[in-house]
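The opening position of the sequence shown corresponds to residue 1 in the UniProt record's numbering, with each subsequent residue numbered one higher. Virtual Cβ for every residue (Gly too), placed ideally from N, Cα, C. Some notes on the structure that comes next.
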Amino acid sequence: MKDPFPFKPPSFLVHAIQPWAEFFSLPTLPLHIHEVLFACLLYTFIYWPISPFISRCLVGERYDKLPRKRRVNWDAHVVSLVQSTLINALALWIMFVDSERNKMDWQARIWGYTGALGMIQALAAGYFLWDLVVTSCNMDVFGPGTLAHAVSALLVYSFGFRPFVNYYAPTFILWELSTPFLNIHWFLDKLALTGSRAQLYNGLVLIATFFSCRLVYGTYQSCMVLGDIWAALSTGPAMAPDGVGVSQIGYNVDTMGFAKGTTEIPCWLALSYLISNLILNSLNFYWFVMMIRAVRKRFQPPQPSGTETKIRGPVDAHTEAKPAAAVEGRLRRRKA
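Below, the structure is given as structure tokens:
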């Protein structure tokens, strides 16, 4: 499937990024550099001035009275809500309509490329580029942990321009299907709707999507990609005499166009994907337990007056100690 983005990369951008792409062995980056920058600029525009304007229209003085740190966090959650909704919709659409992707075997799943998969990779990289800039400028709000996550996520998505496991780009994007509900949960807390019926219904959907998309589907797909990487560790893609991948003959000569007979997966690259998948899947299970505890805490009936525990109201997300804040703060940004 060709890149569905409506604009081609400007020639000056292609020429500017080409030396860097060759130096870092990212041959498909020049084809998608405009999409990376477009996504970064789009989310910057949403962060300011769109989010402040919309927030003032919807909640009025509640937004204006927020301290600077909490207002920065609010605007970042608005961007996260828009980004997760948009990228999920695009990923689902491409998974259904990209016929070349649906015919890929294990070799193509490792070294294959389509324009549509490259676009998903680029839009995700653009978001994490924005994330890196905003986090770096607001370290007092987000802290070094969020900065490290932004750097690592941007690096991992950039590896896709080798190209490498492009097939799985929309697959792991679907981990974010629970993120819109997580952001809604956060906003309900900040609007003094903690424990409301709206938060209850949203919490049930959040738990259901998190469990099905991250724990069930995500764990299964992690096993699939690690199996493909294991199969490719000691071999390069089998090539036909004309340079076209053997597995691709008959339906798409361009899918393996960037693969070479000498291509091998560097051990450091395979190891980084193995470690990141193990860490992310472990965190998913941990966050799920914390999420259930946080939701239950909001809807537990009051204890007897002699032993009643006071439930705190919403506080700043980056200093809050309760489990919900840890889940909300870490899940807002992640890598697939």
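- Boundaries of the alpha helix (DSSP H) harbouring Thr-135: 115-137, taken from the DSSP string.
- DSSP places Ile-173 inside the alpha helix (DSSP H), whose first and last residues are 169-173.
- With fewer than 16 neighbouring CB atoms inside 10 Å of its own CB, Val-289 falls in the exposed class.
- Leu-271 sits exposed, since fewer than 16 C-beta atoms from the chains shown fall within 10 Å of its C-beta.
- Counting along the chain, Ser-178 sits inside no alpha helix (DSSP H), nor does DSSP assign it H or E at all.
- Fewer than three beta-carbon pairs drawn from the stretch 52-64 and the stretch 129-137 are found closer than 8 Å, and the two stretches are therefore not classed as touching.
- Contact between the stretch 89-96 and the stretch 137-153 is absent: fewer than three C-beta pairs spanning the two stretches fall below 8 Å.
- Rounded to whole angstroms, Ala-122 and Asn-88 show a C-alpha spacing of 14 Å.
- Straight-line measurement puts the Cα of Arg-197 at about 12 Å from the Cα of His-185.
- For Ala-124, same chain residues with a beta-carbon under 6 Å away, outside a window of 5 residues either side, are Tyr-157 in chain order.
- DSSP, read as helix, strand or coil, puts Phe-210 in helix.
- Setting aside the 5 residues that flank it on each side, Asn-281 is surrounded in the same chain by Thr-219 and Ser-222, each with a C-beta closer than 6 Å to its C-beta; the list follows chain order.
- In the same chain as Met-119, and ignoring 5 residues on each side of it, the C-beta atoms closer than 7 Å to its own belong to Asp-3, Pro-4, Phe-5, His-32 and Glu-35, in chain order.
- Around the beta carbon of Trp-175, 16 or more other beta carbons sit within 10 angstroms, so the residue counts as buried.
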